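Student: Protein chains in written order, with the working numbering: chain D, 725 to 1141; chain Z, 725 to 1141.
Think of the CB as a built atom: it goes at the ideal place given N, C-alpha and C, for glycine as much as any other residue.
Just so you know, these numbers come straight off a predicted model, no measurement behind them.
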């Protein structure tokens, strides 16, 4: 079964609203083995909607429309659907009762616009909306199913889960599909591609690989289609085992995990705690850490030592080291990380100092130069990186690199739990 | 001029990634008087991309494509473009030099995949990408312009702003349009709408208002169209003067300014400095501050006191206060802010302590309860807020609210420079 999603509404095409509905619907359909062929955003314009409906009907056997079902004048989807299916609006008593009930519960008087929401195209199957006033509608024409849903994400989601997906599952034979995303950090996309080329080429025909890079990490998604979900999962897991042997040091997690979350779990398992000293990353590492619910079980706190004064007075970096080597140096990052570990009384610590940019670079230390140190109960390591010349990126890369170095050090020094 | 946006990539159609590019591009084009007719998401499939290109070319005079330009096998846009424009790939020396420079700066060896990114269709105008390796490409066929951009939002945005929009503006007659965005913080969208309703209704016909809410702030964009850019600017500025009288306390800046940037400028003008103590915001305020280039001129540093131990040992919060009132209390936030001001030797300080969630709430202190304190050289104020129950949102709201309170305190205590 193949689907096309059509979102209706000017707000998306003037850039006022990001279309989150399409991705959500696509994710739900995919998990149920329905492939989404295309997603199209069109204006609140009858002719435009008609053309989109006609084109989609020629390409796929399932069309999901969202939007344009509100009570106001600019919502015209229902009228266009009537023309498209050569039917007319009729009053739907059960829908009207649902609407009345909603207004009664909220103690709001009903007006004509609300009453008109109970008008539906005669030939459709009405899908009751328990989260709002506009019902969903299910049409069949030739071999294609057309489903019209309200655009409000909350209402659309309820209708999809309670009405649309159960119906699709019971009415139609659906192919099994299984996805797993492998998260990597510390290797650029092109180097990664080179390193795993042979593995990629030898993947079975029914397992596809996609590269999904973002400033935080490069994600690799494996998607397997076929019969029997259990077998697919097994096959994908086998391929991941092979991949792990090729790039063991770069893989930090799977699917929706974050590097901070994974690192926190490692610390928790080892009953260890963490302190942070940040100069150039300026709080970003701490922000990544505290985005993880429950991090207080392993995270003590941080010193954001943006000025040399704070590096000296709070972290205990010596004035002499700062003078002799400069704030962006191996000597200073080592004193910072050890100061943080001691002052905040933690098992592990991580520290950064660098030139985030856009200014402040010199010949010997260009913008993007960053020193990162990791301290464990056993010893301290420091490493120099040269990232790019964009401040925002340098902060993100430094933060993620620091967490990745920390993760590896925890594993290397305490390989078993 | 009418545009169609085509986003290429399986990741959107399987629901793994939300397409934020289309809305951003649409917003930018709209601000420059170019209407977006349709946005279409298609698979990494040659035939599908070809059909989308052909259909778009028949409907509009500008087609913007994003995605599918990466170095890996699944990125096929360049090949399809060659077929569509009946041209072939040639090696583009300036692009190769840019790529080489990027790799050299980062001290990473270049491989064949990277080198291949310098191959471009012979007939296109290359748009140099200063944020990544895949160049943008500009084609003209009949009366339609086709622009192909990388899908990575950061790279796409740089190319749009530095290359595409200036070229569109100079090559094509575009109606005069003037935008100004007013940035507010601290008032929900619906209350804001109510408060400025009369002003909104009395706006001249050729000046449109758009509400652009996001978790950081509610932005109000005024767009004036007509002839003569100077007159339009004058008219918009007059409307803003009226608006300022209605909501003086909520407006913090304009257009691309951030609250941290504006606040930093106020401190700098007054030769003041800032220290931060964060508990529930966990580094987010510091991250907002250090996102501002040059902030070292006024920002000293922060203590992220996530554990009570750090609140006591580094900030000097008394054990007795913590025991008696709990970490989320007026007494503790006051001791935190004064500790930070003193320990970090700053003029002003801001502190937060609260329950970000999802767990940790109690009947008296539900999830979302946050205490924020501001200390100046003169005195300390503290205020309690109850935000929602979503961790991420609570952190963002607390951070922005803290900066807004700080901004107001700076102005109130030092009204003139």
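CB-CB under 6 Å to residue 837 of chain D, same chain, minus the five flanking residues each way: which ones, in chain order?
Tutor: Here residue 837 of chain D corresponds to residue number 113 of the first chain, with the count starting at 1. Hits under 6 Å: 795.
Student: For residue 878 of chain D, count the other beta carbons within 10 Å of its own beta carbon; 16 or more makes it buried, fewer makes it exposed. Which is it?
Tutor: Translated into the one-based positions of the first chain, residue 878 of chain D becomes position 154. That one is exposed.
Student: Output yes or no for whether 8 Å exceeds the beta carbon distance between residue 1097 of chain D and residue 1061 of chain D.
Tutor: Here residue 1097 of chain D is taken as the residue at index 373 of the first chain, counted from 1. Here residue 1061 of chain D is taken as the residue at index 337 of the first chain, counted from 1. Yes, the pair counts as a contact, with Cβ atoms nearer than the cut-off.
Student: Return the chain-ordered list of same chain residues with a C-beta closer than 6 Å to the C-beta of residue 849 of chain D, the five sequence neighbours on each side being excluded.
Tutor: Residue numbering aside, residue 849 of chain D sits at position 125 when the first chain is read from its first letter. Hits under 6 Å: 862.
Student: Would you verify that the beta carbon of residue 979 of chain Z is, or is not, closer than 8 Å to some beta carbon of chain D?
Tutor: Along the second chain, read from residue 1 onward, the residue named residue 979 of chain Z stands at position 255. It does not; no Cβ of chain D falls within 8 Å.
Student: Determine the extent of the alpha helix (DSSP H) in which residue 806 of chain D is found, giving its start and end residues.
Tutor: Position 82 of the first chain, counted from the start, is the residue given in the question as residue 806 of chain D. Segment 801-808, the alpha helix (DSSP H) holding residue 806 of chain D.
Student: Identify whether residue 829 of chain D lies in helix, strand or coil by the three-state DSSP scheme.
Tutor: Sequence index remark: in the first chain, residue 829 of chain D carries index 105 (1-based). The answer is helix: DSSP assigns residue 829 of chain D an H, G or I state.
Student: Should residue 825 of chain Z be labelled buried (16 or more other beta-carbon atoms within 10 Å of its own) or exposed?
Tutor: One-based indexing of the second chain puts residue 825 of chain Z at position 101. Exposed is the call here.
Student: Return no unless some Cβ of chain D is closer than 8 Å to the Cβ of residue 1008 of chain Z.
Tutor: Against the second chain, residue 1008 of chain Z aligns to sequence position 284. Chain D, which has a Cβ nearer than 8 Å to the Cβ of residue 1008 of chain Z, makes this yes.
Student: Listed from N- to C-terminal order along the chain, which residues in the region 894-921 of chain D have their beta-carbon within a distance smaller than 8 Å of any beta-carbon of chain Z?
Tutor: If the cut-off is 8 Å between Cβ atoms, the region 894-921 of chain D has 903, 905, 912, 913, 914, 915, 917 and 918 near chain Z.
Student: Report yes if the C-beta distance between residue 742 of chain Z and residue 729 of chain Z is below 8 Å; otherwise report no.
Tutor: Taking the first residue of the second chain as position 1, residue 742 of chain Z is located at position 18. Taking the first residue of the second chain as position 1, residue 729 of chain Z is located at position 5. No, the pair does not count as a contact, with Cβ atoms beyond the cut-off.
Student: Please identify the residue among Z:761, Z:799 and Z:773 whose C-alpha is closest to the C-alpha of residue 1144 of chain Z.
Tutor: Since the first and last residues shown for chain Z are 725 and 1141, residue 1144 of chain Z lies out of range.
Student: Between D:1108, D:773, D:902 and D:860, which lies nearest to residue 751 of chain D when the distance is taken from Cα to Cα?
Tutor: Here residue 751 of chain D corresponds to residue number 27 of the first chain, with the count starting at 1. Residue D:902 is the option with its Cα nearest to residue 751 of chain D.
Student: Select from Z:746, Z:1126, Z:926 and Z:734 the residue whose C-alpha is nearest the C-alpha of residue 940 of chain Z.
Tutor: As a working mapping, residue 940 of chain Z is identified with position 216 in the second chain. It is Z:1126 whose Cα lies nearest to the Cα of residue 940 of chain Z.
Student: Between residue 1022 of chain D and chain Z, is the shortest Cβ-Cβ distance under 8 Å, so that the two count as touching?
Tutor: Walking along the first chain from the start, residue 1022 of chain D turns up at place 298. Residue 1022 of chain D does not count as touching chain Z.
Student: Would residue 1043 of chain D count as contacting chain Z if we go by Cβ distances under 8 Å?
Tutor: For this step, residue 1043 of chain D is matched to residue 319 along the first chain. No, residue 1043 of chain D does not count as interfacial toward chain Z.
Student: Does the beta-carbon of residue 767 of chain Z have 16 or more other beta-carbons within 10 angstroms, so that it is buried, or is it exposed?
Tutor: Walking along the second chain from the start, residue 767 of chain Z turns up at place 43. Per the 10 Å Cβ criterion, buried.
Student: Of all the CB atoms in chain D, is at least one closer than 8 Å to the CB of residue 748 of chain Z?
Tutor: Mapped onto the second chain, residue 748 of chain Z falls at position 24. True, the Cβ-Cβ gap to chain D drops below 8 Å.
Student: Check whether the Cβ atoms of residue 1111 of chain D and residue 830 of chain Z sit closer than 8 Å, and answer yes or no.
Tutor: Stepping through the first chain from its first residue, residue 1111 of chain D is reached at position 387. Stepping through the second chain from its first residue, residue 830 of chain Z is reached at position 106. Against a cut-off of 8 Å, the Cβ pair of residue 830 of chain Z and residue 1111 of chain D comes out as a contact.
Student: Along the region 1025-1037 of chain Z, where does the CB come closer than 9 Å to a CB of chain D? Name the residues.
Tutor: Correct list: 1025, 1026, 1027, 1028, 1029, 1030, 1031, 1033, 1034, 1035 and 1037.
Student: So if I threshold CB-CB distances at 9 Å, which residues from the region 729-749 of chain Z count as touching chain D?
Tutor: Under the 9 Å Cβ criterion, the region 729-749 of chain Z contributes 729, 731, 733, 734, 735, 736, 737, 738, 739, 740, 741, 742, 743, 744, 746, 747, 748 and 749.
Student: Do residue 1002 of chain D and residue 1076 of chain D come within 8 Å of each other at the CB atom, strictly closer than that value?
Tutor: Here residue 1076 of chain D corresponds to residue number 352 of the first chain, with the count starting at 1. Here residue 1002 of chain D corresponds to residue number 278 of the first chain, with the count starting at 1. Yes, they are a contact pair.
Student: Relative to the alpha-carbon of residue 920 of chain D, which residue among D:944, D:1040 and D:870 has its alpha-carbon at the smallest distance?
Tutor: Counting from 1 along the first chain, the entry for residue 920 of chain D is found at position 196. When only C-alpha atoms are compared, the closest one is D:944.
Student: Among Z:1078, Z:854 and Z:1073, which has the Cα closest to the Cα of residue 1052 of chain Z?
Tutor: As a first step, residue 1052 of chain Z must be located in the second chain, where it is residue number 328. Residue Z:1078 is the option with its Cα nearest to residue 1052 of chain Z.
Student: Taking only three categories from DSSP, how would you classify residue 887 of chain Z?
Tutor: Translated into the one-based positions of the second chain, residue 887 of chain Z becomes position 163. Note: residue 887 of chain Z maps to helix in three-state DSSP.
Student: Taking the alpha-carbon of residue 1020 of chain D as reference, which of Z:1015, Z:811, Z:1031 and Z:865 has the nearest alpha-carbon?
Tutor: Walking along the first chain from the start, residue 1020 of chain D turns up at place 296. Minimum Cα distance to residue 1020 of chain D is reached at Z:1031.
Student: Within the 8 Å Cβ cut-off, does residue 1118 of chain D reach chain Z?
Tutor: Indexing the first chain from 1 puts residue 1118 of chain D at position 394. So no, residue 1118 of chain D is outside the interface.
Student: Please report the residue range of the beta strand (DSSP E) in which residue 974 of chain D lies.
Tutor: For the purposes of this step, residue 974 of chain D is identified with residue 250 of the first chain, where counting begins at 1. That residue, residue 974 of chain D, is in no beta strand (DSSP E); it is neither H nor E in DSSP.
Student: Is there contact here, the region 980-999 of chain Z with the region 991-998 of chain D, by at least three beta-carbon pairs under 8 Å?
Tutor: Not touching, per the Cβ criterion.
Student: Between which two residues does the alpha helix (DSSP H) harbouring residue 1058 of chain Z extend?
Tutor: Looking up residue 1058 of chain Z in the second chain gives position 334. Here the alpha helix (DSSP H) through residue 1058 of chain Z covers 1054-1067.
Student: Can you tell me the Cβ-Cβ gap for residue 906 of chain D and residue 857 of chain D, rounded? I've got them flagged as a contact below 8 Å.
Tutor: One-based indexing of the first chain puts residue 906 of chain D at position 182. One-based indexing of the first chain puts residue 857 of chain D at position 133. About 44 Å separates the two Cβ atoms, so there is no contact after all.
Student: Determine the chain Z residues that contact residue 1115 of chain D at a beta-carbon separation under 8 Å, and present them in chain order.
Tutor: Position 391 of the first chain holds residue 1115 of chain D. Within chain Z, the residues near residue 1115 of chain D are 1015 and 1017.
Student: At least one CB of chain D closer than 8 Å to the CB of residue 1011 of chain Z: is that the case?
Tutor: By 1-based counting over the second chain, the position of residue 1011 of chain Z is 287. Yes, contact with chain D.
Student: Closest to residue 1074 of chain Z by C-alpha separation, out of Z:1013, Z:1080 and Z:1114, would be which residue?
Tutor: Walking along the second chain from the start, residue 1074 of chain Z turns up at place 350. For the residues Z:1013, Z:1080 and Z:1114, the minimum Cα distance to residue 1074 of chain Z belongs to Z:1013.
Student: For residue 816 of chain Z, does the three-state DSSP call read helix, strand or coil?
Tutor: As a position in the second chain, residue 816 of chain Z is number 92, starting the count at 1. Residue 816 of chain Z falls in the coil class under three-state DSSP.
Student: Select from D:1043, D:959 and D:788 the residue whose C-alpha is nearest the C-alpha of residue 888 of chain D.
Tutor: Residue mapping note: residue 888 of chain D aligns to position 164 of the first chain, counting from 1. Among D:1043, D:959 and D:788, the Cα nearest to that of residue 888 of chain D is on D:788.
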